[in-house]
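What follows is a set of notes on a single structure, which appears directly below.
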Amino acid sequence: MQIRPIASALLHHKGGTLLIVLQIALTLAIVCNALFIIHARVARLSRPSGVDEADVLVVQNQWLGDPAPQQIQALMASDLQTLRRLSGVVDVYASNGFPLSDGGWSKGVRYTMEQRTPASATAIYFADDHALDTLGLKLLAGRNFRADEIGHMAARDSLLPRVILITKALADRLFPGGHAVGKQICIGGAPPSTIIGVVARMQTWIGNYSEAWMEHSTLVPFRLLTSGTVYLVRVQPGMLERVARAAPQALFTANPLRVIGPGDVKTYAQVRASAYKKDRGMAILMGVICAVLLATTAAGIVGLTSFWVAQRRQQIGVRRALGATRGDILEYFCMENLLISVAGVSVGTLLALAVNALLVDRFEMQRLSLAYVVTGIVVLLLLGQLAVFVPAWRASRLSPLKAGRTV
Amino acid sequence: MFGYYLQLAMHSFRRSPGLTVLMVIIMGIGVAASMTTYAVFRAVSGDPLPEKSAQLFVPQIDNIGPQNGSSGNQLPDALTYTDAMALMRAKAGARQTAIYPIVGDVVPDEHLQLRPFTANGYAAYADFFAMFNVPFRYGHGWHSDDDDRAGNVIAISNRLNQRLFAGINSVGQTLNVDGHDYRVVGVMDDWNPQPRFYDVNNGFSFGDTPDYYLPFTRAVALHIGSNGNNNCSASGKPLTPGWDGWLRSECTWVSLWVQLPDATSVQRYRQFLSHYASEQQRAGRFKWASNVRLFDLNGWLDHEGVVPPEARVSLLVAMGFLFVCLVNTVGLLLAKIMRRAGEIGVRRALGASRGHIYGQFLAEAAAIGAAGGLLGLLLTAAGMHGTDLLFDPDIAKLAHLTAGLISSTVLVAIFATIIAGLYPAWRAARVQPSWQLKSQ
């Protein structure tokens, strides 16, 4: 197979050839980056939260009538009792927030009170001795809170914990050599707190602010006495739906002076879905665009090649008459397409890197890995061959007699 | 002549229906993808208050200090209570209001037999309503006297008025929020600028209309905390416990807006602000030189990054997609037209000028574009339902199929296809009649 005659034939169709080259190049540039965006988003939304999400329920409760801290303490204790008595409930605790929510508390962590800039940020989760069991957090070292260590804190009180639990990510950040248990750190502006245990993983809330320290969390041994409280409820397997219905009813029966709105009882599946809604949507959108784009490009190649075949009927007839086999004709058009595609993906690779540079610069995305470019190139070359096959096959079926006849 | 061209276009369509349908579909999809993402982008990036935005400003004051991590671009988004009150008292702008988001439980009157429900609102000053051109259905905002005496007055949204008072004029009625009674002074008309420019720093840029507004002074007197961000990174030592300790702390949580009608007053306000921070330095509170900034409304939205990156990326990708569709259409039109070189030769030989050939093929491209536009319109309407897949429901519902969008969808399709038709039409016009006729 000689390339030169094909190339010289292409030079007679500069316009059409350039159009297909351009189209393949643009398609490669968009598809590579779209695949990369899909990968990044999917990687983001598959991060584990640390919570046993299948069996945990979130109930957000708001007290009416602005009760005093002492009253809230009693109300909260009775609510915990009520929830614990429900059939299907394994364990409960009250907190200010939960992983994957849309906002929360954070503090700077310092080694000493004198240190000016914090060593890290951390999410603050109010907890008691039931927190680990309720969420299914794994204790890697040290111990859990004891019941007698749990205190109470009013809305505007300073957070002054004596003992804390931290996540492994935070422990590794603060004490790279390990052995965080027993060490002391300062949470916010508070005097030193002793780390009594390290849990494997507990994510923060989802948002730009916490993105850089997604797994830096601290559990503090307090019940927060504000009018808004989150109850985290661990249920027996398969009881999620039933408890989700029963819990607000039981709480209202025990005390109607509260607000638990329609969106305030959520399974963790719902929490996760809303936390990563944008990421999932973006991945789906990019997937759809990739598919439609590839289909468009394939259609374009089919259309133009069909045209070329029609234009070159006589030529094909002459070649066939001079002894070219059907295979030769088929090969000719496939080779022609391969030449165009290679030119297209070469330009496209440069274009893909340029688009990626723009995205990195403007949208803080990561650099495109070459694996995506290679995947894109392979996909486009295959697509080109597939698209050209039908018109090329049809050309090879032309009988030399018919094809040679003038129209 | 145009009619004749359309006739020729129809004829050409009958000769190669597959190719024509393909072009229409591709243009339709390309236009729909870009118009859908454009609708979302326009909705989130528009000027929420065009008639006033050049006069509204947000001051920032560095209370963290460069040695503790603040920099020229990273000043706290909000002010401390101390600074906000000092700026309010100074009255250095034509109008000013401190604002913070609050949440409360509305307890409906017993005869309504409604369960109490949570409602979102803002604590603000009387100037808020005049500064932001808030329209009222009944009554009006409170008077500045109520700011001074921390009056128990409330302005409510039309929606809350519907829910609690069946939409009648409820001015003078009593409303219970969090166990406290307020007198309704005004019912606002539907007013929900998007983005909610006056509260973009708390993550409430997009969303439903807030339900109520209270005097800032009243909210503080009742110890109603902020429902937004509260950043205490500037306070090195633990806060003094309790509400007053928090008010006196270096925690930032109050937004401040100033109306400055002209360039001179902007200049004066900058000087005032800088002077204020220097005074704080002299008093020993700031251990660094005055570092302040003053943003106008649109500058502030930019600074806070209100437009979600998803909106920009998807618009960019959709535009690239439309471009590929265009290139594709150029190729297909070229194929379609060059296949008819013989016909062109005959027309030229019979006296059609190059301009006539141009006209004929551009008319054909426009017809394809119009069909693509209509298909694109259907797909855009479908795409509007798909926007909540990608965006928060609050953002997704901002994208509407307006008359402007409908006409621009069709126009973009026609215009784009005509552009795509230029090169093929040029090639067609250059066809040599003698050459074509000879080869027949």
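Quick note, the sequences are listed as chains A and B, same order.
Quick note on numbering: full-length UniProt numbering labels position 146 of the first sequence as 146, and the sequence is numbered without any gaps.
Quick note on numbering: full-length UniProt numbering labels position 350 of the second sequence as 350, and the sequence is numbered without any gaps.
Built from N, CA and C at the ideal position, the CB exists for glycine as well.
- Counting the other CB atoms within 10 Å of its CB gives LEU322 (chain A) a total below 16, which places it among the exposed residues.
- Sequence-distant partners of PHE216 (chain B) (beyond 5 residues in either direction) whose C-beta falls short of 8 Å from its own C-beta, in its chain, are THR97, ALA98, ILE99, TYR100, ALA123, ALA124, TYR125, ASP147.
- Following the DSSP letters along the chain, one finds TYR198 (chain B) in no alpha helix (DSSP H), marked with neither H nor E.
- Here the stretch 35-47 of chain B lies against the stretch 392-409 of chain B, with 3 or more beta-carbon pairs under 8 Å apart.
- Shown here, ASN61 (chain A) sits in a strand according to DSSP, grouped into three states.
- By the Cβ-count criterion, ASP83 (chain B) is buried, with 16 or more other Cβ atoms from all chains shown falling within 10 Å of its own Cβ.
- Taking 8 Å as the CB threshold, GLN184 (chain A) stays off the interface with chain B.
- Taking a cut-off of 8 Å on C-beta distances, the stretch 412-427 of chain B touches the stretch 22-40 of chain B, as three or more cross pairs fall below it.
- By the beta-carbon neighbour count (other beta carbons within 10 angstroms, threshold 16), MET113 (chain A) is exposed.
- Annotation: Cβ neighbours of THR118 (chain B) in chain A (cutoff 7 Å, chain order): GLN62, VAL259, GLY261.
- When 7 Å is used as the limit between beta carbons, ASP157 (chain A) is near these residues of chain B: PRO241, in chain order.
- The Cβ atoms of PHE222 (chain A) and PHE363 (chain A) do not sit closer than 8 Å to each other.
- With a minimum length of 4 residues, the unbroken runs of alpha helix (DSSP H) contained wholly in the UniProt domain "ABC3 transporter permease C-terminal" (317-433) of chain B fall at 341-349, 354-390, 393-396, 403-429.
- The residue from A:LEU139, A:TYR276, A:ASN33, A:LEU330 with its alpha-carbon nearest to that of ASP388 (chain B) is A:TYR276.
- For THR409 (chain B) and ALA366 (chain B), the gap between their C-alpha atoms comes out near 14 Å.
- The C-alpha of ALA335 (chain B) lies about 57 Å from the C-alpha of GLY103 (chain A).
- DSSP places ASP157 (chain A) outside both helix and strand once states are collapsed to three, so it counts as coil.
- The beta carbon of LEU222 (chain B) sits closer than 7 Å to those of HIS180, all from its chain and outside the five residues before and after it, given in chain order.
- For the pair of segments examined, the stretch 89-97 of chain A was found to touch the stretch 227-240 of chain A: the number of CB pairs separated by less than 8 Å reaches three.
- Scanning chain B for C-beta atoms nearer than 8 Å to the C-beta of LEU26 (chain A) yields GLY320, PHE323, VAL324, VAL327, reported in chain order.
- Membership of CYS186 (chain A) in the beta strand (DSSP E) is indicated by the continuous run 184-187.
- Here DSSP, grouped into helix, strand and coil, assigns THR267 (chain A) to strand.
- Note on geometry: alpha-carbon atoms of GLY18 (chain B) and GLY299 (chain B) lie some 51 Å from one another.
- Residue pairing by DSSP places HIS180 (chain B) opposite B:VAL177 in a beta bridge.
- DSSP assignment within the stretch 155-235 of chain A yields the following whole beta strand (DSSP E) runs of 3 residues or more, N-terminal first: 163-167, 184-187, 193-199, 217-220, 222-225, 228-235.
- Cβ-Cβ distances below 7 Å link ALA382 (chain B) to nothing in the same chain once the five nearest sequence neighbours on each side are left out.
- At least one CB atom of chain A sits nearer than 8 Å to the CB of SER314 (chain B).
- In the DSSP assignment, PRO215 (chain B) forms a beta bridge with B:ALA124.
- LEU297 (chain B) and PRO248 (chain A) have their C-alpha atoms some 43 Å from each other.
- Straight-line measurement puts the Cα of ILE301 (chain A) at about 24 Å from the Cα of ALA429 (chain B).
- The residue from B:ILE156, B:LYS91, B:LEU405, B:GLN281 with its alpha-carbon nearest to that of ILE61 (chain B) is B:GLN281.
- Counting only runs of at least 4 residues, the stretch 124-149 of chain A fully encloses the following alpha helix (DSSP H) elements, listed from N- to C-terminal order: 131-135.
- For the stretch 38-126 of chain A, the full-length alpha helix (DSSP H) segments reaching 4 residues or more read 69-85 along the chain.
- With a cut-off of 8 Å on Cβ pairs, the stretch 342-358 of chain A is not in contact with the stretch 361-375 of chain B, counting fewer than three such pairs.
- For LEU22 (chain B) and ALA299 (chain A), the gap between their C-alpha atoms comes out near 8 Å.
- For PHE286 (chain B), there is no enclosing beta strand (DSSP E), as DSSP gives it neither H nor E.
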